[in-house]
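Below: one structure, written as structure tokens.
Number of protein chains: 2
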Amino acid sequence: MTAPKPPSKPHLIRMHPRDNVAIVGNDGGLAAGTTIPDGPTLKDKVPQAHKVALTDLTAGQPVIRYGVTIGYALKDIAAGSWVHEKLLQMPSARNFENLPIATIKPHQTEPLTGFTFEGYRNDDGSVGTRNLLGITTTVQCVAGVVEFAVQRIRNELLPRYKNVDDVVGLEHSYGCGVAIDAAEAIIPIRTVRNISLNPNFGGEVMVVSLGCEKLQPDRLLPPGSFPIKDDRSTSVNTICLQDAEHVGFMSMIEAIMREAEIHLKRLNQRTRETVPASALVVGMQCGGSDALSGVTANPALGIAADLLVRAGATVMFSENTEVRDGVDQLTARAANPDVAQAIIDQLEWYDNYLARGKVDRSANTTPGNKAGGLSNIVEKAMGSIIKSGSAQISSVLAPGEKLGAGQRGLVYAATPASDFICGTLQLAAGMNLHIFTTGRGTPYGLAECPVIKVATRSDLARRWHDLMDVNAGRVADGELSIEALGMEIFKLMLEVASGRKTWAEQWKIHNALVLFNPAPIT
Amino acid sequence: MTAPKPPSKPHLIRMHPRDNVAIVGNDGGLAAGTTIPDGPTLKDKVPQAHKVALTDLTAGQPVIRYGVTIGYALKDIAAGSWVHEKLLQMPSARNFENLPIATIKPHQTEPLTGFTFEGYRNDDGSVGTRNLLGITTTVQCVAGVVEFAVQRIRNELLPRYKNVDDVVGLEHSYGCGVAIDAAEAIIPIRTVRNISLNPNFGGEVMVVSLGCEKLQPDRLLPPGSFPIKDDRSTSVNTICLQDAEHVGFMSMIEAIMREAEIHLKRLNQRTRETVPASALVVGMQCGGSDALSGVTANPALGIAADLLVRAGATVMFSENTEVRDGVDQLTARAANPDVAQAIIDQLEWYDNYLARGKVDRSANTTPGNKAGGLSNIVEKAMGSIIKSGSAQISSVLAPGEKLGAGQRGLVYAATPASDFICGTLQLAAGMNLHIFTTGRGTPYGLAECPVIKVATRSDLARRWHDLMDVNAGRVADGELSIEALGMEIFKLMLEVASGRKTWAEQWKIHNALVLFNPAPIT
Ligand SMILES: [Ca+2]
Ligand SMILES: [Ca+2]
Ligand SMILES: [Ca+2]
Ligand SMILES: [Ca+2]
Ligand SMILES: [Ca+2]
Chain A
1 MTAPKPPSKP
11 HLIRMHPRDN
21 VAIVGNDGGL
31 AAGTTIPDGP
41 TLKDKVPQAH
51 KVALTDLTAG
61 QPVIRYGVTI
71 GYALKDIAAG
81 SWVHEKLLQM
91 PSARNFENLP
101 IATIKPHQTE
111 PLTGFTFEGY
121 RNDDGSVGTR
131 NLLGITTTVQ
141 CVAGVVEFAV
151 QRIRNELLPR
161 YKNVDDVVGL
171 EHSYGCGVAI
181 DAAEAIIPIR
191 TVRNISLNPN
201 FGGEVMVVSL
211 GCEKLQPDRL
221 LPPGSFPIKD
231 DRSTSVNTIC
241 LQDAEHVGFM
251 SMIEAIMREA
261 EIHLKRLNQR
271 TRETVPASAL
281 VVGMQCGGSD
291 ALSGVTANPA
301 LGIAADLLVR
311 AGATVMFSEN
321 TEVRDGVDQL
331 TARAANPDVA
341 QAIIDQLEWY
351 DNYLARGKVD
361 RSANTTPGNK
371 AGGLSNIVEK
381 AMGSIIKSGS
391 AQISSVLAPG
401 EKLGAGQRGL
411 VYAATPASDF
421 ICGTLQLAAG
431 MNLHIFTTGR
441 GTPYGLAECP
451 VIKVATRSDL
461 ARRWHDLMDV
471 NAGRVADGEL
481 SIEALGMEIF
491 KLMLEVASGR
501 KTWAEQWKIH
511 NALVLFNPAP
521 IT
Chain B
1 MTAPKPPSKP
11 HLIRMHPRDN
21 VAIVGNDGGL
31 AAGTTIPDGP
41 TLKDKVPQAH
51 KVALTDLTAG
61 QPVIRYGVTI
71 GYALKDIAAG
81 SWVHEKLLQM
91 PSARNFENLP
101 IATIKPHQTE
111 PLTGFTFEGY
121 RNDDGSVGTR
131 NLLGITTTVQ
141 CVAGVVEFAV
151 QRIRNELLPR
161 YKNVDDVVGL
171 EHSYGCGVAI
181 DAAEAIIPIR
191 TVRNISLNPN
201 FGGEVMVVSL
211 GCEKLQPDRL
221 LPPGSFPIKD
231 DRSTSVNTIC
241 LQDAEHVGFM
251 SMIEAIMREA
261 EIHLKRLNQR
271 TRETVPASAL
281 VVGMQCGGSD
291 ALSGVTANPA
301 LGIAADLLVR
311 AGATVMFSEN
321 TEVRDGVDQL
331 TARAANPDVA
341 QAIIDQLEWY
351 DNYLARGKVD
361 RSANTTPGNK
371 AGGLSNIVEK
381 AMGSIIKSGS
391 AQISSVLAPG
401 EKLGAGQRGL
411 VYAATPASDF
421 ICGTLQLAAG
431 MNLHIFTTGR
441 GTPYGLAECP
451 VIKVATRSDL
461 ARRWHDLMDV
471 NAGRVADGEL
481 SIEALGMEIF
491 KLMLEVASGR
501 KTWAEQWKIH
511 NALVLFNPAP
521 IT
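Chains as they are written, first to last, in full-length UniProt numbering: chain A, 1 to 522; chain B, 1 to 522.
Printed below as a string of structure tokens:
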């Protein structure tokens, strides 16, 4: 921990020349009466990251941030007033007609060369950032047995396979008691399938099945679904607990351990080698957001995303309800009309999914968002989209889909915004590095892939000094430019991809895989 | 393990005098050509638990089992033939009009007295069967931190509190990224709330919260929701990770441990005392069912259910899609018209829930069910309902609801049939003992409450000798009557409630809490 800094000069942060509100940058907020250089005198005490009116606003006037109308003033608001959520009426969602389609031509950007990391090359061309044995499960019923086996593998086998980082039971709540023939069941099924094929597992797929579950191993992983290797001719890859050969619990445990050892031996042959930065598949996400998310951490991720694209890497952004109000920005940035249509299809499907449950995108925002200065989902969305940077959107993934060989650059991976569900779906897409920004703070981690956590403000970074990997609050403090922070994050990604542990990995804190299942359960 | 038995005489099991099919009782099935004493000669090889036509059936004729039409013959079927699922057309679901309402008058049954167990009395009158510290969580985000703390509590604190059996982190996938204001969100919310109030946690509720989640601690447990004790005046019961007081990860862990110790001290004062059998709250369930489920294990549970009701205890049966086809039996057995209407309301709501996802009750059956001889959901339902015995249905719980003080006797707890979701909801209802029948075999267990597992057939009981607690296959083998087995199970329940460990407890195998959330996620 470093000593607390002297208070910085009062300052507001405006995101776009058209904006008629700006937010307080100072840690701890500003008192009523504070005079802002080149700005208004505050009429109210305004917390950090909350909005201040830059001019007098009359009732009904658009309130503009990020150059976008985030709401309409519900009454007259004097310059220098705190513009909080109770003073704003939220605009309705833009419909899907007459959207700008692939209208923005790409910047001519210089390819970024010479950046590399030390990764594990896989036979299918993907690259792992960790060397993990993943144990795939077909159904929650086997979770207790797998957990028991994982403990024994970790204690008894792993010490002999020094190049393997860990063993991970891919437990989940799916597999039985579900309407598996419902059309939307494809989402959880392909999610589990594709997670088992994540680059960090090196193609060493092994499955623990119960036997009578709906999600049978051949349905989960039909022949041909392993792009990497498939030696099921030897029928060695699935342990089925109900098989007649198992007499007694230890027979099941030992069968899992024997199978695990076959894979551990092969995984132990993997060694890190120098690979170009283009092998990164980065999943970006924000959670526990505050108004600084869209000012410090997410814009820096936007810079990093542009660097990744220039380096030939893949970078995914997600969170349907947080891009819904910027659908026109997304369709305009689509590389071609097919991509634009795929974006519309995903967001329209999600609108309908929410409507079935009689809610809409505004169900996204949390008490913490509002306490953190985000008045509504429109404002939150603008601060969330900014992490996608400025590149063209090259392709779109439906929830649980895996990136194809040709899908590189900036990808919109359509997912719910829920942190643990979005992360689970990005793992299925093939993510080998996760970067996560938070303003309120979350100890989020994944067992399957490193998660770099970026604090939006210095106060959080100081308090959670051994949980947050990056302090983006330095931008609000005026210590660092967004561009410099973006480059710092890009370089940190390469270090973490090469094996440097994140805080979540050091403590071994991780969240459960949580599947997105829009189909009914039975 | 006992030595395999000599093969028993060929025999079929008929459930009702009206039945025109019966199932093969013999372990291993019977060969074509086998002559059945007082029955047909088999035309086909028929696996154990599969159906045999007792008479010639003509195309279109009702096929009757449990005295109920389980399907219509799709073609002529000769006596002695194997009647498998491809030969049957499933009847459509009975509609909700003109049902018999509370028409069956209760048997005059003798109260059953003199049975007791050794349990932990709670202040609210409930009784625990285990002495556990439960750590309630408001959101999945905190799961990694809670897991870390649970390990340290188990290693460092529990050895000093010998009367406490274990510490359980009540982790779940809810709390954020959900449409928490959707009408149906009440289900997952009350489920988490009511699980924290389960009798096995002794009223010692402590909560770990992130801070910015949608499911705020006061929404999860509003003042007054603790029927047992509520000392939130001291604000000591919630650890909020985002609180400014926490500097560094260890500050969070130590705060959880300090709070845990307060509760461990009080839990350690609990001692077992003799209580009447009426303090049992038994949740009954079946999973991984085969056709013997409805012949051996479930009928024996029916006997045990009747004994429990006679002893003044509470016994719940559940699994909406497995009672749907017997709705007329349930409404007829309702204690009064209000109870009958509550049953209809729950099943109608569930029909609509399934229809929203474009499926129906037939989505329940699994490949294992069919391989095990259950042709369709109607046949499966008849074999599932039978575990409710013959008592009147005294009340109905909606999913996630908790039993009220006056709700005793036979209760229909409306839940999905999914094993881990049904179990989670029965925990919320206040279950202190779970009994689970299985034909195909599942290693199912819960950390929150003992689970007695009953094998429907001897083959499974022999192979899974250290996972199955009871072998109901002895009924099919002709060794034991259903009535004798029902009494044996009743007595075993009292022993397990008194502290005898089940196999799942000995191995510490347990499944995750899986919430039923019909509302959208965001
Ligand atoms: Ca977000
Ligand atoms: Ca998120
Ligand atoms: Ca666990
Ligand atoms: Ca069942
Ligand atoms: Ca079940």
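By construction, the Cβ of each residue, glycine as well, lies at the ideal position given by its N, Cα and C atoms.
Just so you know, these numbers come straight off a predicted model, no measurement behind them.
Residue Met431/B holds the alpha-carbon nearest to the alpha-carbon of Ser196/B among Val454/B, Met431/B, Gln242/B and Phe490/B.
Between the alpha carbons of Ile256/A and Gln329/A lies a distance of about 49 Å. Sorting Trp349/A, Gly473/A and Asp345/A by C-alpha distance to the C-alpha of Leu460/A places Gly473/A at the top. If you check each beta-carbon in the segment 338-352 of chain B against every beta-carbon of chain A, none falls closer than 8 Å.
Listed in chain order, the beta strand (DSSP E) runs fully inside the segment 176-242 of chain A are 206-209 and 238-240, counting runs of at least 3 residues. Asp44/B is the residue among Asp44/B, Ile386/B, Gly39/B and Asn26/B whose C-alpha sits nearest the C-alpha of Gly33/B. Look at the segment 457-483 of chain B: the residues with a C-beta under 9 Å from a C-beta of chain A are Asp459, Leu460, Arg462, Arg463, Trp464, His465, Asp466 and Leu467.
Cβ-Cβ separation between Asn200/B and Arg130/B: approximately 5 Å, consistent with a contact (criterion under 8 Å).
Ranking Gly357/A, Gly439/A, Asn364/A and Asp338/A by CA distance to the CA of Gly372/A puts Gly439/A first. Under the criterion of beta carbons closer than 8 Å, Val282/B and Val315/B qualify as touching, at roughly 5 Å.
For a cut-off of 8 Å, the C-beta gap from Met382/B to Gly288/B is around 18 Å, too long to register as a contact. The alpha carbon of Gly144/B has as its nearest neighbour, out of Leu515/A, Ala519/A and Phe420/A, the alpha carbon of Phe420/A. From the beta-carbon of Leu210/A, the residues of chain B found nearer than 9 Å are Gly288, Gly368, Arg440, Gly441, Thr442 and Pro443. Under the three-state reduction of DSSP output, Asn364/A falls in the helix class.
Assigned with DSSP and collapsed to three states, Lys387/A falls in helix. The beta carbon of Met468/B is closer than 6 Å to those of Lys453, Ala455 and Ala461 in its chain, skipping five residues each way along the sequence.
Residue selection by CB proximity (closer than 7 Å to any heavy atom of ligand 4) returns Gln285/B, Cys286/B, Gly287/B, Ser289/B, Glu319/B, Glu322/B, Ser384/B and Ala417/B in chain order. Per DSSP, the continuous alpha helix (DSSP H) segment holding Asp459/A begins and ends at Ser458 to Arg463. For the segment 180-208 of chain B, the residues whose beta carbon sits under 8 Å from a beta carbon of chain A are, in order, Ile180, Asp181, Ala182, Ala183 and Glu184. Think of a sphere of 9 Å around the beta carbon of Cys141/B: the chain A residues whose beta carbon falls inside it are Gly287, Gly288, Asp419, Phe420, Thr442, Pro443, Tyr444 and Asn511, in chain order. Taking every protein chain shown into account, the CB of Gln89/B has fewer than 16 other CB atoms within 10 angstroms, so this residue is exposed. Runs of the beta strand (DSSP E) lying entirely within the segment 51-82 of chain B, each at least 3 residues long, are 51-53, 62-65 and 68-73 in chain order. Considered as a whole, the segment 18-57 of chain B harbours no complete run of any alpha helix (DSSP H) with no fewer than 4 residues. In this structure, the C-beta of Asp419/B approaches ligand 5 to less than 7 Å from one of its heavy atoms.
In the DSSP assignment, the residues bridged to Leu12/B are Val24/B. When the Cα atoms are used, Thr437/A and Val167/A turn out to be separated by approximately 27 Å. Neighbours of His246/A in chain B, taken as residues at a C-beta separation under 7 Å, are given in chain order as Arg463.
By the CB criterion at 8 Å, Gly357/A and Pro299/B fall outside the cutoff. Note on His263/B: 16 or more other CB atoms within 10 angstroms of its CB, so buried under the neighbour-count rule. About 27 Å separates the beta carbons of Gly119/A and Ala414/A, which is beyond the 8 Å limit, so they are not a contact pair. DSSP, read as helix, strand or coil, puts Ser293/A in helix. Per the C-alpha coordinates, the member of Val411/A, Ile377/A, Thr136/A and Ile135/A positioned closest to Phe317/A is Val411/A. Ser395/A has its alpha-carbon roughly 13 Å from the corresponding atom of Ala313/A. DSSP, reduced to helix, strand and coil, places Leu446/B outside both helices and strands of the structure shown, so it counts as coil. For Phe148/B, at least one C-beta of chain A is nearer than 8 Å to its own C-beta. If you look at Glu273/B, you'll find it in the beta strand (DSSP E) that goes Glu273 to Pro276.
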